[in-house]
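Colleague: Numbering (my numbering), first residue to last: 32 to 268.
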């Protein structure tokens, strides 16, 4: 009898402890996911000086930010994977960005432009390796109507699909300054290696607006577009 009571007591304690752990797990998991999603918002991405004054300033002029259909792709739509495991890995990798933020690695336009190509190559390589996975959150071959495209675009898309090309092969610089346009034709864009030989010149707001408008094929209604920024002199790696 005493043994049975003791067994019930142990069982009860175990159930209570299990319930507490289960509840704590739910709270932790919910809080963890909430925190992860909070770091995916545009407000969070542009909360630091570097992103707000440099990256967001140019992104806000592109078609991914403002367009005729009103569909906006924010930073996380392009730079954070949707599958949970890959998303978690990306968040862990982002801790390195906090380290460089603390060091002030790109806290001025000059520092940022000096590292822009290296940063871009990291993203290009990643997107190439995943077959432009994040692009496909919004775009797909199946949903593409080439009949509604300009002849040149329709042909290029048809050729790309036939050749197994991926989005990033042709669509670099769609949400940022187009640094790839100043690179040699035989430049190894997917090698992931740091490179400080090429950089865009720092420009003011009006010239930045004109440069990105020209990249989008848009004619500004205001003053004539200023010439696109020229690359700074090449330096040794």
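The C-beta atom is built at its ideal place from N, Cα and C for all residues, glycine as well.
(1) If I'm right that residue 247 touches residue 89 with Cβ under 8 Å, what's the distance once you round it to whole angstroms?
(2) So residue 152 packs on residue 220, CB below 8 Å; how close in whole Å?
(3) Helix or strand or just coil, what does DSSP make of residue 231?
(4) Are residue 224 and residue 211 close, meaning C-beta to C-beta below 7 Å?
(5) Between residue 83 and residue 171, what straight-line distance do the alpha-carbon atoms span, to the nearest angstrom?
(6) How many Å lie between residue 118 and residue 112 at the Cα?
(7) Put residue 238 into one of helix, strand or coil per three-state DSSP.
(8) What are the start and end residues of each continuous beta strand (DSSP E) run of 3 or more residues lying completely inside the segment 150 to 201, in chain order?
(9) Unbroken alpha helix (DSSP H) runs of length 4 or more, entirely within the segment 70 to 141: which are they?
(10) Can you look up residue 250 in the DSSP assignment and give me helix, strand or coil?
(11) Please list, in chain order, all residues of the same chain as residue 105 whose beta carbon is under 6 Å from its beta carbon, the five residues on each side excluded.
(12) Return the CA-CA distance between residue 169 and residue 129, expressed in angstroms with no decimal places.
(13) How many angstroms separate the CA atom of residue 163 from the CA atom of residue 206?
(14) My assumption, with CB atoms under 8 Å, is that residue 69 sits in contact with residue 63. Please give the rounded CB distance.
(15) Can you have a look at residue 99 and say buried or exposed, based on whether 16 or more other CB atoms are within 10 angstroms of its CB?
Modeller: According to the data block:
(1) 12 Å between Cβ atoms; not a contact.
(2) 6 Å
(3) strand
(4) no
(5) Each residue's alpha carbon lies about 30 Å from the other.
(6) Approximately 5 Å between the Cα atoms of the pair.
(7) Residue state, collapsed to three classes: helix.
(8) For the segment 150 to 201, not a single whole beta strand (DSSP E) run of length 3 or above is found.
(9) As far as the segment 70 to 141 is concerned, its whole alpha helix (DSSP H) runs of at least 4 residues are 73 to 76, 87 to 90, 106 to 110 and 115 to 134.
(10) DSSP places residue 250 in the coil class of the three-state scheme, outside both helix and strand.
(11) 73
(12) 29 Å
(13) The alpha-carbon atoms of residue 163 and residue 206 are separated by roughly 15 Å.
(14) Distance from residue 69 to residue 63 at the Cβ level is roughly 11 Å; contact not present, criterion being Cβ atoms closer than 8 Å.
(15) The residue is exposed, with fewer than 16 neighbouring Cβ atoms inside 10 Å.
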